[in-house]
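Taking the working numbering, the leading residue of the sequence shown gets 291, the next gets one more, and so forth. Note that the Cβ used here is the ideal one computed from N, Cα and C, for glycine as well. Quick caveat: nothing in here was measured; it's all calculated off a predicted structure. These notes concern the structure reproduced below.
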Amino acid sequence: MRQTLRLALKGRGGVSPNPRVGAVIVDKNGRILGKGYHSQYGQPHAEAEAIADSGGSDLRGSTLYVNLEPCCHQGKTPPCTKAVIKAGISRVVIAISDPNPKVNLCGISELKNAGIESTIGVLAEEARYLNRGYLSVRERRRAWCAAKVALSIDGKMANPEGLSKWITGAEARKYAHALRADHDGVMIGSGTLKNDNPELSVRDAKGPNPVRIIIAPHFGIPANYKISKTADEMRTILVTSDDFKGVVADGIEIFRMQTDNGGKINPLELLQRLPEVGVQSVLIEGGSGVLSSFMQADLIDEIVAGYAPSVIGNGISPFEGFKPVSWENRPKFTVKKVKRFGEDVVITYRRKD
Ligand SMILES: NC(=O)c1ccc[n+]([C@@H]2O[C@H](COP(=O)([O-])OP(=O)(O)OC[C@H]3O[C@@H](n4cnc5c(N)ncnc54)[C@H](OP(=O)(O)O)[C@@H]3O)[C@@H](O)[C@H]2O)c1
Numbered sequence: 291m292r293q294t295l296r297l298a299l300k301g302r303g304g305v306s307p308n309p310r311v312g313a314v315i316v317d318k319n320g321r322i323l324g325k326g327y328h329s330q331y332g333q334p335h336a337e338a339e340a341i342a343d344s345g346g347s348d349l350r351g352s353t354l355y356v357n358l359e360p361c362c363h364q365g366k367t368p369p370c371t372k373a374v375i376k377a378g379i380s381r382v383v384i385a386i387s388d389p390n391p392k393v394n395l396c397g398i399s400e401l402k403n404a405g406i407e408s409t410i411g412v413l414a415e416e417a418r419y420l421n422r423g424y425l426s427v428r429e430r431r432r433a434w435c436a437a438k439v440a441l442s443i444d445g446k447m448a449n450p451e452g453l454s455k456w457i458t459g460a461e462a463r464k465y466a467h468a469l470r471a472d473h474d475g476v477m478i479g480s481g482t483l484k485n486d487n488p489e490l491s492v493r494d495a496k497g498p499n500p501v502r503i504i505i506a507p508h509f510g511i512p513a514n515y516k517i518s519k520t521a522d523e524m525r526t527i528l529v530t531s532d533d534f535k536g537v538v539a540d541g542i543e544i545f546r547m548q549t550d551n552g553g554k555i556n557p558l559e560l561l562q563r564l565p566e567v568g569v570q571s572v573l574i575e576g577g578s579g580v581l582s583s584f585m586q587a588d589l590i591d592e593i594v595a596g597y598a599p600s601v602i603g604n605g606i607s608p609f610e611g612f613k614p615v616s617w618e619n620r621p622k623f624t625v626k627k628v629k630r631f632g633e634d635v636v637i638t639y640r641r642k643d
């Protein structure tokens with residue numbers, strides 16, 4: 291099953307809004323007969339790829355491992371359950387069920403009805419995390435939302451003048467690029483655009499560029515920013531108000547939303563609408579305004595915080611504008627991963643339910 295998860299990850303960037311799926315077929319002795327993954331939206335599913343990869347071997351008595359319940363409906367490709375039954379596979383081990391209403395447990399019942407021994411729930415937590423964007427949209431009707439921050443020992447993300455470049459070292463920044471590649475979209479506010487002029491591309495890691503989303507209802511995106519200069523290579527979206535009339539460089543799409551009396555867009559509404567542009571998971575990369583606004587709405591599912599061994603003192607905190615409803619109800623997270631990159635420590639926190 292671990293191998294199916296690794297294979298599934300190869301489809302990131304290409305399969306969305308479909309899930310990331312990998313499949314491995316083994317014989318009675320555990321020898322691999324075929325493997326495959328869903329590589330591109332509209333292209334064959336992982337199970338069909340694994341069957342094709344077996345090159346016509348006799349699959350009777352074999353076991354198929356797959357990280358998501360096989361589909362049982364005709365979509366852009368034929369149902370995988372039919373292909374599995376036709377191939378003569380005897381046993382299917384599945385990590386998680388598919389909440390897509392066209393599938394939801396009909397895949398597994400079809401396999402069982404055909405006399406195929408089927409098990410579900412193997413490495414379920416890892417499999418849910420791999421497809422967190424896909425599951426979030428189907429189960430909660432909104433994109434998965436992660437945040438990435440680089441901090442000093444004293445928890446500051448920038449000095450009072452707004453200078454924040456290179457808090458953490460080169461190795462931690464590489465990891466940050468890999469994180470970008472693992473999300474459909476990356477998001478910043480106008481403050482970060484103006485202060486840091488980032489490109490938000492994947493340069494120091496392997497993987498696809500995410501869609502760049504800039505929340506700047508009162509600023510726009512003029513042509514002199516790196517984001518504007520690369521807009522014909524990477525999909526870029528300006529999130530702005532209904533009545534916005536400012537400057538937007540060529541190639542940047544405009545996503546208009548209603549704003550409240552203070553000129554703010556509703557973060558939940560934005561996460562609910564992002565799947566319209568193919569974004570099922572988004573990584574907020576600052577700054578404090580956007581992070582605070584999403585924390586206030588209690589929408590941050592995960593925080594990846596990189597701590598560098600330096601002290602900023604008087605400076606900007608990542609959630610400076612956030613006010614918890616009460617001490618008891620302050621948002622709580624659990625530590626999921628701790629990694630060391632040179633002198634920096636990167637901690638991944640997941641929101642407690
Ligand atoms: N260390 C790090 O990891 C890191 C990462 C990123 C940034 N930074 C630093 O953080 C500082 C920038 O912080 P910041 O708070 O000024 O920047 P920001 O959060 O990038 O931008 C704030 C602006 O975003 C817009 N915005 C945010 N939430 C909104 C909402 N719900 N509705 C409508 N508009 C919304 C507003 O734009 P309008 O003004 O157009 O209304 C707001 O003024 C910089 O110094 C930057 O270098 C540090």
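Counting of Cβ neighbours within 10 angstroms places residue 469 among the buried residues, the total reaching 16 or more.
Using a cutoff of 8 angstroms, the CB of residue 462 does not count as near ligand 1, since none of the ligand's heavy atoms is closer than that. Taken through DSSP and simplified to helix, strand or coil, residue 584 comes out as helix. Checking the 8 angstroms criterion, the Cβ of residue 557 is within range of a heavy atom belonging to ligand 1. By the Cβ-count criterion, residue 443 is exposed, with fewer than 16 other Cβ atoms from all chains shown falling within 10 Å of its own Cβ.
Its Cα nearest to that of residue 509, the residue 531 stands out among 531, 561, 486 and 629.
DSSP lists 502 and 573 as the beta-bridge partner residues of residue 476. Taking 8 angstroms as the cut-off, one finds at least one heavy atom of ligand 1 near enough to the beta carbon of residue 508.
Residue 424 carries a helical assignment under DSSP once its states are collapsed to helix, strand and coil. For the pair residue 404 and residue 375, the Cα-to-Cα distance works out to about 7 angstroms.
By the beta-carbon neighbour count (other beta carbons within 10 angstroms, threshold 16), residue 474 is buried. Straight-line spacing of the CA atoms in residue 490 and residue 496 works out to 14 angstroms. In the same chain as residue 583, and ignoring 5 residues on each side of it, the C-beta atoms closer than 6 angstroms to its own belong to 557, in chain order.
If you draw a 10 Å sphere on the C-beta of residue 314, you find 16 or more other C-beta atoms in it, and that means buried.
Using a Cβ distance threshold of 9 angstroms, residue 293 and residue 324 do not count as a contacting pair. Residue 438 is positioned such that its CB atom lies no closer than 9 angstroms to that of residue 561.
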